[in-house]
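Note that the protein sequences, when read in sequence, are chains A and B. Counting from 10, one number per residue, gives the positions in the first sequence under our numbering. Counting from 161, one number per residue, gives the positions in the second sequence under our numbering. Backbone N, C-alpha and C define an ideal beta-carbon position, used for all residues, glycine too.
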Amino acid sequence: MIFPHPSHRNPLVFLVISSMVALAGCGPRTTPEITTESDVNRTRRTSDDQGLRVFGEIPAFTLTNQHGESFDRSNLDGKVWVATFIFTRCGATCPYQTAAFSELQQTLHRADELGPVELVSFTVDPEFDTPDVLAEYGTKANADFKHWHFLTGDRSTLWDLSKDAFKLDVQSGRDATNLITHSSLFVLVDQDSKIRGYYEGLSPEANEKLRDDISALLDERDPSRLERVTEISVPRDVRDPKWLQPRAEAQRALASGYEVTCDFQFSDDLSSSGITFTDKVVEDVKRDFKAAHYDHGTAVAVADVDQDGLLDIYFVCQLGSNELWRNLGGGKFENITESAGVAVADEVSTGASFADVDNDGDADLYVTRVRAANRLFLNDGKGKFEDVSERSGLDHVAHSSGAVFFDYDRDGLLDVLLTNVGKYTTQERGPGGYYLAYKAAFTGHLFPERAEPNILFRNLGGARFENVNDQVGFKDASWSGDATPIDGNDDGWPDIYLLSMQGHDQYFENQQGKGFVNKSRELFPASAWGSMGVKVFDFNRDRKLDLYVTDMHTDMVHDVAPEDEKKKMTRNLPVSMLGTDGNHILGNAFYLKSESDAYTEVSNEIGAENYWPWGISVADLNADGFEDVFIAASMSYDFRYGINSVLLNDHGKRFLDSEFILGIEPRAKGTAQPWMTLDCDGADAGHRLCKDRSGKLQVWTAIGSRSSVVFDLENDGDLDIVTNDFGGSPMVLTSNLTDKHAINYLRIELIGKQSNRDGLGCLVDVQLSDKNLIAVHDGKSGYLAQSRMPMYVGLGDATQADQITVTWPSGIVQTVEGPIQSNQKLTIVEDGETTK
Amino acid sequence: MSRIHTNVHFGRLAGAGLIAVTVAIGVALCLQRDEPIEQLDVQVVASNYRLYFHYPGADSVLGTADDRLGTRNLYAPANTQVRLNLTSRDFVYLVEIPEVGLYEVAAPELDFEARFKTGASGVHSLLGSQMCGYDHSELIGEFVVQRTAEFKRLVRSLSPAPSPSHPTQ
Numbered sequence: 010m011i012f013p014h015p016s017h018r019n020p021l022v023f024l025v026i027s028s029m030v031a032l033a034g035c036g037p038r039t040t041p042e043i044t045t046e047s048d049v050n051r052t053r054r055t056s057d058d059q060g061l062r063v064f065g066e067i068p069a070f071t072l073t074n075q076h077g078e079s080f081d082r083s084n085l086d087g088k089v090w091v092a093t094f095i096f097t098r099c100g101a102t103c104p105y106q107t108a109a110f111s112e113l114q115q116t117l118h119r120a121d122e123l124g125p126v127e128l129v130s131f132t133v134d135p136e137f138d139t140p141d142v143l144a145e146y147g148t149k150a151n152a153d154f155k156h157w158h159f160l161t162g163d164r165s166t167l168w169d170l171s172k173d174a175f176k177l178d179v180q181s182g183r184d185a186t187n188l189i190t191h192s193s194l195f196v197l198v199d200q201d202s203k204i205r206g207y208y209e210g211l212s213p214e215a216n217e218k219l220r221d222d223i224s225a226l227l228d229e230r231d232p233s234r235l236e237r238v239t240e241i242s243v244p245r246d247v248r249d250p251k252w253l254q255p256r257a258e259a260q261r262a263l264a265s266g267y268e269v270t271c272d273f274q275f276s277d278d279l280s281s282s283g284i285t286f287t288d289k290v291v292e293d294v295k296r297d298f299k300a301a302h303y304d305h306g307t308a309v310a311v312a313d314v315d316q317d318g319l320l321d322i323y324f325v326c327q328l329g330s331n332e333l334w335r336n337l338g339g340g341k342f343e344n345i346t347e348s349a350g351v352a353v354a355d356e357v358s359t360g361a362s363f364a365d366v367d368n369d370g371d372a373d374l375y376v377t378r379v380r381a382a383n384r385l386f387l388n389d390g391k392g393k394f395e396d397v398s399e400r401s402g403l404d405h406v407a408h409s410s411g412a413v414f415f416d417y418d419r420d421g422l423l424d425v426l427l428t429n430v431g432k433y434t435t436q437e438r439g440p441g442g443y444y445l446a447y448k449a450a451f452t453g454h455l456f457p458e459r460a461e462p463n464i465l466f467r468n469l470g471g472a473r474f475e476n477v478n479d480q481v482g483f484k485d486a487s488w489s490g491d492a493t494p495i496d497g498n499d500d501g502w503p504d505i506y507l508l509s510m511q512g513h514d515q516y517f518e519n520q521q522g523k524g525f526v527n528k529s530r531e532l533f534p535a536s537a538w539g540s541m542g543v544k545v546f547d548f549n550r551d552r553k554l555d556l557y558v559t560d561m562h563t564d565m566v567h568d569v570a571p572e573d574e575k576k577k578m579t580r581n582l583p584v585s586m587l588g589t590d591g592n593h594i595l596g597n598a599f600y601l602k603s604e605s606d607a608y609t610e611v612s613n614e615i616g617a618e619n620y621w622p623w624g625i626s627v628a629d630l631n632a633d634g635f636e637d638v639f640i641a642a643s644m645s646y647d648f649r650y651g652i653n654s655v656l657l658n659d660h661g662k663r664f665l666d667s668e669f670i671l672g673i674e675p676r677a678k679g680t681a682q683p684w685m686t687l688d689c690d691g692a693d694a695g696h697r698l699c700k701d702r703s704g705k706l707q708v709w710t711a712i713g714s715r716s717s718v719v720f721d722l723e724n725d726g727d728l729d730i731v732t733n734d735f736g737g738s739p740m741v742l743t744s745n746l747t748d749k750h751a752i753n754y755l756r757i758e759l760i761g762k763q764s765n766r767d768g769l770g771c772l773v774d775v776q777l778s779d780k781n782l783i784a785v786h787d788g789k790s791g792y793l794a795q796s797r798m799p800m801y802v803g804l805g806d807a808t809q810a811d812q813i814t815v816t817w818p819s820g821i822v823q824t825v826e827g828p829i830q831s832n833q834k835l836t837i838v839e840d841g842e843t844t845k
Numbered sequence: 161m162s163r164i165h166t167n168v169h170f171g172r173l174a175g176a177g178l179i180a181v182t183v184a185i186g187v188a189l190c191l192q193r194d195e196p197i198e199q200l201d202v203q204v205v206a207s208n209y210r211l212y213f214h215y216p217g218a219d220s221v222l223g224t225a226d227d228r229l230g231t232r233n234l235y236a237p238a239n240t241q242v243r244l245n246l247t248s249r250d251f252v253y254l255v256e257i258p259e260v261g262l263y264e265v266a267a268p269e270l271d272f273e274a275r276f277k278t279g280a281s282g283v284h285s286l287l288g289s290q291m292c293g294y295d296h297s298e299l300i301g302e303f304v305v306q307r308t309a310e311f312k313r314l315v316r317s318l319s320p321a322p323s324p325s326h327p328t329q
C-alpha cells in the first residue's frame with residue numbers, strides 16, 4: 010500500500026507520527042517542524058458556539074495542476090475547498106496527510122458532496138514535483154482529479170502562498186531539495202476564498218471536525234441543502250443487480266429446449282387494476298433490520314365475498330389497515346374495506362383465511378394477529394362482515410400466524426388449526442404500537458417458556474369453536490407459521506403436517522377423528538429446519554399426493570451467490586442452535602409419495618430448490634395437466650435482491666426454472682423500492698447509514714414478496730398471480746396464456762352437504778383418456794393464507810374428461826360421468842346434481 | 161600489551177562462560193515456562209458486534225478477579241485442550257475457527273460450550289458474524305496459537321476483565 014490509508018486513524022500511529030514530526034519534521038530528521046499559526050488551536054480550530062470564524066483570505070494565484078494545465082484560484086470560486094501542503098518525496102507526515110485526503114474524498118463522494126467541495130494538495134517541492142510526478146502520486150492515492158487537484162509552480166509562489174496566505178510556515182535547510190519542513194494542517198476555505206478553519210491532518214478527531222465544518226459551510230452556502238434528499242441504495246447495486254440480466258438471458262436461452270408450454274407471459278397490471286394497497290411494516294424491520302419474525306410479512310387471500318362470481322382480494326397489512334378489494338371484472342377492483350368492516354387496523358396482523366365456518370354458503374374470514382385477539386368475521390353473503398371473535402372462541406391471543414380450516418373429525422363442520430410462532434417480542438412497544446422483537450428472536454425455540462402451543466379448534470357449530478388439543482392429544486409447540494392437512498396413510502382421515510420454522514416439522518396421524526399421534530420422524534426422519542410454505546399435490550400424476558415444503562431459515566445460514574441459488578446450502582447452523590438431532594434437509598424438501606406412509610425426499614433430483622422462499626402457490630399455470638409452482642421469495646432491507654421463482658412442471662419429471670421466461674422476473678416495477686427516509690441531521694443522526702452523511706437520506710432497498718395467491722382474476726380461463734410484497738405494493742400478474750393458446754381446463758366448485766359446505770378435504774380425480782389428475786381441495790395458496798375458490802384443473806391436450814370422481818370428507822364417493830367438455834365450470838353438489 | 165592481552169583473553173573466557181550460563185538458564189526457564197497448559201477455559205462474550213475473550217489470569221481459574229480481557233483475536237497455547245463458553249449480550253453471532261473445526265453460536269441468555277485441541281503455534285482465521293445481520297469487520301479476527309510462555313506473557317499484558325458477574329465491556 011502506497012498510502013497508509015486507515016492507519017492515520019490509529020491513535021498509536023498518530024502519536025508516533027506526531028512525535029516524528031515534532032522531532033524531525035518532514036525530510037531532515039534533525040530539523041524540528043515549525044508551524045506558525047500560534048493563535049490557532051491545533052485540534053479545534055473553530056468554535057462550535059460562534060460558528061465558523063474567518064481567519065483570512067486566499068489571494069488570487071496561478072499554478073499548474075497535475076495535468077500540466079494552468080490552475081488559478083478562480084477554478085475554486087464559489088466552492089468550498091480543503092487545502093494542504095505536501096511533497097512527494099516526503100516520508101513522514103505527507104503520506105498520512107494524503108491518506109487522510111483520500112479518505113475525505115471517499116467520504117465526500119459517498120455524501121454526494123465531492124464537487125461542491127474540492128481538495129487541493131500544494132507541493133512545497135516544485136523542482137521535483139512536476140505535473141507528471143504529481144499525477145503519478147495522485148493516481149496512487151486514488152485521487153479523482155476532477156475534484157482533487159495537485160498543484161505545482163514556482164517555488165516562491167508556492168511558499169509565499171503557504172506562509173503569507175495560509176499562514177503555514179515552510180522552511181528548508183541548506184539542501185533545499187529534500188530538507189523541507191512544512192505544516193501538516195488541513196485548511197478549510199469557503200466559497201469566497203476565506204479561510205474558515207485549521208485542522209490537524211493527522212488527527213482523526215480533527216478530521217471529523219473538518220467533516221462537520223464542511224457540512225456547516227455547505228449549509229451556510231445553500232440553506233435549502235438541509236431539505237435536500239440524497240438517495241442511496243442498500244446494497245449499492247440493488248436497483249440494478251448486475252447478475253440479473255445474464256441470469257435472465259441464460260434462462261431464456263434454455264426455453265427453446267423446454268418441452269412444456271412456456272411461450273406466454275405475465276404482466277404486472279397493478280396500476281390498471283385500481284388496487285392501491287401498500288403494506289406498511291414495523292420499524293423493527295424497516296429502520297433497523299432486526300432478525301425477527303416480523304420480516305415474514307403478511308398474507309393475501311381471495312374469496313368471492315359478495316357472491317357475484319368474481320374472486321375478491323384481501324390484503325393483510327402488517328401495521329395498519331388490511332384492505333378488501335372487490336373484483337369488478339375486467340381486471341378492475343374497488344376498495345370495499347370500510348363497508349365490509351374488515352380493516353382490523355389496530356395491532357399487527359399476519360394471516361388471513363377464508364372459509365365457510367357456519368356452512369351458510371358464503372366466505373367468512375379469520376384474521377390472525379400478533380399479541381392481539383385473532384378476529385373471526387361472519388359474512389352476510391353480500392360482503393358485509395360481522396365480528397364474532399369473542400363469542401366464537403377463536404379470539405386467541407398469541408404470536409399467531411397461519412390458520413388452516415379443515416374438517417379433522419369429518420363431522421361436516423370446518424375446524425381450524427391455528428399456528429402460533431412463539432414469543433418473539435418483548436413487553437416494549439415501538440412506533441405504531443407494535444411490540445418490539447427480541448434482538449435474538451430466532452433463538453426463541455431454545456427457551457421452553459417462550460413456546461406457544463399450536464391449537465386445534467373444533468367447530469361446535471354456530472361459529473363457535475373450542476380448543477381440543479388436550480382432548481385429541483394434539484400437543485405441539487413448534488415455532489410454526491403454517492400447516493396443511495395431508496392424508497399420509499390414505500385412510501381418508503386428514504392428518505396434519507405442521508411446519509416448524511425453527512426445528513423439525515411435525516406430522517400427526519389422525520386417529521379417525523378421535524385423536525392424533527405424532528409420527529413425525531417415522532415418516533419424515535429428515536425435514537427442513539426453517540420451513541415456511543407447504544402444499545400437497547400430485548407432482549408426477551401417479552395418483553399419489555406428494556408434499557412440497559419450502560425452507561427459508563436454512564437459507565439464512567450463509568450467503569449464496571446468485572448463480573448458486575439452485576443448490577442446497579452447504580451447511581446448517583450449529584447443532585446447539587438447531588436444538589434438534591441435526592438431521593435436516595438443507596433447503597426446500599420435496600417428498601414424493603410412494604405408498605401409504607412412505608415418502609422419498611427428491612428435492613435435488615427434481616429441481617425444487619430455490620433461494621429465500623416464503624410461501625408457495627401450486628397451480629397449473631400453463632394448463633398442461635401438470636401442477637406448477639410459484640414461490641414468493643427474497644428478502645428486503647438490507648439484503649440483496651432475490652427473485653420470485655416459477656417452476657414449470659416438466660411432465661412430472663422435474664421442475665424447470667421459468668420466472669424470467671414467463672416475464673415474472675425481472676419485476677416490472679424493478680428490483681428496489683424507496684424504503685425509508687432518514688434525517689441524518691436529526692433523529693436518525695446515529696443511524697449507521699447516516700455516517701458521513703447529512704441532510705435527508707432516502708434509502709432504496711430490495712423488493713421482496715411474501716405471500717401469493719394463484720387464481721383466475723379475469724375469468725378468462727388462465728391463472729393469474731397476486732402477491733403481497735413486504736413493505737410495498739403488491740403485484741397483479743395477469744397471464745396471457747389464453748391469448749396465445751387454446752387451452753383446456755375445468756373449474757370445479759364443490760358444495761358439501763353432509764360434508765363441510767366448502768368441500769375442503771375433497772379428493773377430486775379427473776379421469777382423462779391417458780391419465781388421472783388428482784387433487785385435494787384445501788384452499789391453500791401462498792403463505793399465511795387460505796383462499797376460498799374453485800379448483801382449477803388443466804387438462805393438457807384433452808378437450809374432455811371421461812369422468813370425475815369426488816371423494817367427500819363424509820366418505821361419499823361421487824362420480825360425474827363424462828364426457829365432460831373442457832373450459833367450463835362445474836358445480837358439484839355432494840350426493841346431488843352437477844351443474845355445468 | 162601482554163597483560164592487556166591476558167586480560168582480554170580472560171575476559172573472553174569469562175564472557176563466554178557467562179553467556180553459556182545465561183543461555184542455559186534461559187533455556188531452562190523457557191522449558192519451565194513452556195510446560196504445556198493442559199486445559200484452557202475462555203469465556204467468549206459477543207456484544208455490539210465485537211467478540212470479547214475472558215482468559216483466566218495468574219490463578220489459572222476463569223471467573224475470578226484476576227481474569228484478563230482481550231477482543232477480536234483469540235489466543236491459546238499450543239497443544240492445549242481449549243474449552244470455550246460462548247454467550248452474547250445482544251444479537252446472535254456465529255463464531256467459527258475452521259482450523260480446529262469450531263462452529264458455534266453466541267446467543268443472549270444462552271451458554272454454548274465448544275471444545276477443541278490446539279496444535280502447534282500458528283495464526284489462523286477467526287470468523288465471526290452477526291446472524292442475519294450485515295457485515296461487521298470487527299468480528300473478523302485471528303486465532304493465535306502460541307508457545308505457552310508467549311501465551312502467558314500475552315495474557316499478562318491484557319487488561320483486567322470486568323467483574324465476572326458482568327463480563328462485558
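Does DSSP put residue i in a helix, in a strand, or in coil?
i        : result
A/Arg237 : coil
A/Ala108 : helix
A/His302 : helix
A/Val25  : Note that A/Val25 has pLDDT 41, beneath the 50 cutoff, so the model's placement of it is unreliable and no number is given.
A/Trp157 : strand
A/Asn786 : It should be noted that the sequence gives His, not Asn, for residue 786 of chain A. DSSP places A/His786 in coil when its eight states are reduced to three.
A/Tyr146 : helix
B/Pro268 : strand
A/Val825 : strand
A/Trp488 : coil
Please list the partners that residue i has in chain B, where partner means a Cβ-to-Cβ separation under 9 Å.
i        : result
A/Lys528 : Residues of chain B passing the Cβ test: none, with the nearest at roughly 30 Å.
Name, in chain order, the residues that DSSP records as bridge partners for residue i.
i        : result
A/Asp504 : A/Ile495
A/Phe80  : A/Leu72
A/His696 : The partner list for A/His696 (beta bridge, DSSP) is empty, contrary to what the question assumes.
A/Phe599 : A/Tyr557
A/Gln515 : A/Leu507
Would you grab the beta carbon distance between residue i and residue j for me? Rounded to a whole angstrom, and I think it's under 8 Å.
i        : j        : result
A/Leu197 : A/Val91  : 6 Å
A/His405 : A/Leu427 : 6 Å
Going along chain A in order, which residues have a C-beta closer than 7 Å to the C-beta of residue i?
i        : result
B/Gly293 : Ala300
B/Phe251 : Lys448 and Ala449
Quick one: which chain B residues come within Cβ less than 7 Å of residue i?
i        : result
A/Ser585 : Glu264, Val265 and Phe272
A/Asp647 : Tyr294
Determine the chain B residues that contact residue i at a beta-carbon separation under 8 Å, and present them in chain order.
i        : result
A/Met565 : Met291 and Cys292
Which chain A residues are close to residue i, counting only those with a beta carbon under 8 Å from its beta carbon?
i        : result
B/Ser248 : Ala449
Can you name the residues of chain A whose CB is closer than 9 Å to the CB of residue i?
i        : result
B/Pro268 : Tyr447, Lys448, Ala449 and Thr452
Contact between the region 294 to 313 of chain A and the region 632 to 640 of chain A (3+ Cβ pairs under 8 Å): Three or more Cβ pairs closer than 8 Å define a contact, and the region 294 to 313 of chain A falls short of that threshold against the region 632 to 640 of chain A.
Take every Cβ of the region 346 to 360 of chain A, pair it with every Cβ of the region 312 to 327 of chain A, and state whether three or more of those distances are shorter than 8 Å. yes
Quick check: the region 136 to 148 of chain A against the region 233 to 245 of chain A, are at least 3 beta-carbon pairs closer than 8 Å? no
Report yes or no: do three or more beta-carbon pairs, one from the region 257 to 276 of chain B and one from the region 448 to 465 of chain A, lie closer than 8 Å? yes
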